[in-house]
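Take the sequence shown: its position 16, counted from the start at 1, is 1456 in our numbering, and no numbers get skipped.
Okay, so here's the structure we're looking at.
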Amino acid sequence: REQGKTIIFISHMLDEVLEISNRITVLRRGRVVGTVPAAGTTKSQLAEMMVGRPVLLELEHPPVTPGEVRLEAREVTVAGRGGRPVVSRLSLAVRAGEIYGIAGVEGNGQTELVEALVGLRPVTSGRILIEGHDVANASARAIRLLGAAHIPEDRHRRGLVLPMAVWENVVLGHHRRPQFLDGAFVDRKAIESFANERVEKFDIRLSNIDVPALALSGGNQQKVIVAREFSFNPKVLIAAQPTRGLDIGATEFVERQLLEARSNGMAVLLISANLEEVLSLGAAAPAAGASSPPSRSDTPTNATSSFRILPPSMLAHPRGSMANSGLSGPPPPRPHPSRQLRREN
């Protein structure tokens, strides 16, 4: 701009748009909503233009007293491609009615940690406990049956089967529940009734539940995942990058659901590269890349939030070792589904 060049900057990150733009044009559903000068325009005004309704940029945090530990990791080490550790001796404990946040630049072990917690990647050493049950290297299904839910960071590869209909995606992983079976067969009528109810409750915008998931917008795809993962009374929720790529309206919706889950006594582990999001939801824990461990506070700073600081040394830095060394190889094998769960006394 200082060199006299014309720049068209396209983004849904409102802070960036307001900071660098002179004029701002808002598109909604393929149509121009309006053009406004950046000077004198607020973030709230832009958000309302984008979504078509007022958007709360700061959500209320009702007071919650954290309860018992629901999810615990003890000295957990996880290997990445090539067998080098990307998570090293990590320990954490997430209580009922608490959001425990892990923040940091992507590519610092967060993905591998989440995969280990939900049964998609083996644990090299250490223990993972869900309500006292040792689930390290257990199958994803066994972990889900213990009451764990998972919002994956990649909704297309991990969260949805894109060619399948919305009504099918809403019950993925839960289709064997008695309420969805008619004898030995899937009860499509029961599933469709459930799907229609979820669509209405979670405000999923679509023409009908028979459309494939790939036909939905990114925000509505994420709502399908959230609707599924919140619908079976989970005790533990692991949410990885839950608002990535979403507009401000869909982001507000997902963050509301996370706070509601916390208020209802769920233990929530939030992994996000968006530090502002982690702080706004009431939990903070820097991940890898920091030069020295920050201070730790296990007590709430106010009546509505609980802050935890995770020592950065627990997450190794793959960019500085494996990624830059050129090492590669197939992903580690998936845990064997027959692994028996152990109860920790």
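Every residue gets a Cβ at the ideal spot worked out from N, C-alpha and C, and that includes glycine.
Note that the structure is a prediction, hence the values are computed from the model and not measured.
Q: Give the range of the alpha helix (DSSP H) segment to which Gly1689 is assigned.
A: That run of the alpha helix (DSSP H) goes Ile1688 to Ser1703.
Q: Go ahead and pull the three-state DSSP assignment for Glu1552.
A: Here Glu1552 carries a helix assignment [DSSP, helix/strand/coil].
Q: Could you check if Thr1505 is buried or exposed, using at least 16 other CB atoms within 10 Å of its CB as the buried criterion?
A: By the C-beta density criterion, Thr1505 is exposed, having fewer than 16 other C-beta atoms within 10 angstroms.
Q) Measuring CB to CB, does Val1708 end up less than 9 Å from Arg1702? A) Contact flag set, yes.
Q. Given a threshold of 16 other Cβ atoms within 10 Å of its Cβ, counted over all protein chains shown, does Arg1510 qualify as buried or as exposed?
A. By the beta-carbon neighbour count (other beta carbons within 10 angstroms, threshold 16), Arg1510 is buried.
Q | Identified DSSP bridge partners for Pro1477 | A | Pro1477 pairs with Arg1463.
(Q) Counting C-beta neighbours from all protein chains within 10 Å, is the total for His1615 16 or more, i.e. buried, or is it exposed? (A) With fewer than 16 other Cβ atoms from the protein chains shown falling within 10 Å of its own Cβ, His1615 counts as exposed.
Q) Rounded to whole angstroms, how far is the Cβ of Gly1405 from the Cβ of Ala1513, which I believe are closer than 8 Å? A) Outside the shown range of the chain, which is 1441 to 1785, sits residue 1405, and nothing can be said about it.
**Q.** Buried or exposed by the 16-neighbour rule on C-beta atoms within 10 Å, applied to Asn1436
**A.** No statement about residue 1436 is possible, as the shown extent of the chain runs from 1441 to 1785 and does not include it.
Q: Just mark Ser1388 as buried or exposed, buried being the case when its beta carbon has 16 or more other beta carbons within 10 Å.
A: The chain is shown only over 1441 to 1785; residue 1388 falls outside these bounds and no answer can be derived.
Q) DSSP on Ser1531, reduced to helix/strand/coil? A) Assigned with DSSP and collapsed to three states, Ser1531 falls in strand.
Q | Straight-line Cα distance separating Lys1641 from Leu1612 | A | In this structure, the alpha-carbon of Leu1612 lies about 18 Å from that of Lys1641.
Q: Take the Cβ of Val1601 as the centre, count every other Cβ of all protein chains shown within 10 Å, and call the residue buried at 16 or more, exposed below.
A: The residue is exposed, with fewer than 16 neighbouring Cβ atoms inside 10 Å.
**Q.** Own chain partners of Gly1658 with C-beta closer than 7 Å, once the 5 adjacent residues on each side are dropped
**A.** Excluding sequence neighbours, Gly1658 sits near Gly1685 and Leu1686.
Q: Could you check which residue in Glu1442, Gly1523 and Phe1672 has the C-alpha nearest to that of Gly1587?
A: Of all alpha-carbon atoms in Glu1442, Gly1523 and Phe1672, the one lying nearest the alpha-carbon of Gly1587 is that of Phe1672.
Q: Look up Arg1595 in the DSSP assignment and say whether it is helix, strand or coil.
A: In the structure shown, Arg1595 sits in a helix (DSSP, three-state: H, G or I).
Q.
Whole angstroms are fine: how far does the CA of Ser1528 sit from the CA of Asn1636?
A. The straight-line gap separating the alpha-carbon atoms of Asn1636 and Ser1528 is approximately 44 Å.
**Q.** Rounded straight-line distance, which links the Cα of Leu1560 to that of Gly1470
**A.** Rounded to the nearest angstrom, the two C-alpha atoms are 38 Å apart.
(Q) Here's the rule I'm using: 16 or more other beta-carbon atoms within 10 Å means buried, otherwise exposed. How should Met1489 be labelled? (A) That one is buried.
Q.
Excluding the 5 residues flanking Asp1650 on each side, which residues of the same chain have their C-beta closer than 8 Å to its C-beta?
A. Around Asp1650: Ala1605, Val1606 and Trp1607.
Q) Are the Cβ atoms of Arg1638 and Ala1679 separated by less than 9 Å? A) Arg1638 is not a Cβ neighbour of Ala1679, given a cutoff of 9 Å.
(Q) Does Lys1663 pass the burial test, meaning 16 or more other C-beta atoms within 10 Å, or should it be called exposed? (A) Buried is the call here.
Q. Exposed or buried, what is Ser1735 when buried is set at 16 or more other beta-carbons lying within 10 Å of its beta-carbon?
A. Only weak support is given to the placement of Ser1735: the predicted model assigns it a pLDDT of 36, under 50, and the question is left unresolved by the model.
Q) Do the region 1534-1549 and the region 1709-1716 touch if we need at least three Cβ pairs shorter than 8 Å? A) With a cut-off of 8 Å, the region 1709-1716 and the region 1534-1549 count as touching, because enough Cβ pairs lie within range.
**Q.** Same chain, Cβ closer than 7 Å to Leu1621, five either side skipped, listed in chain order
**A.** The residues are Asp1627.
Q) Under 9 Å between the Cβ atoms of Arg1468 and Pro1477? A) No, they are not a contact pair.
Q: Use the C-beta contact count for Pro1603: other C-beta atoms within 10 angstroms, 16 or more gives buried, fewer gives exposed.
A: It counts as exposed.
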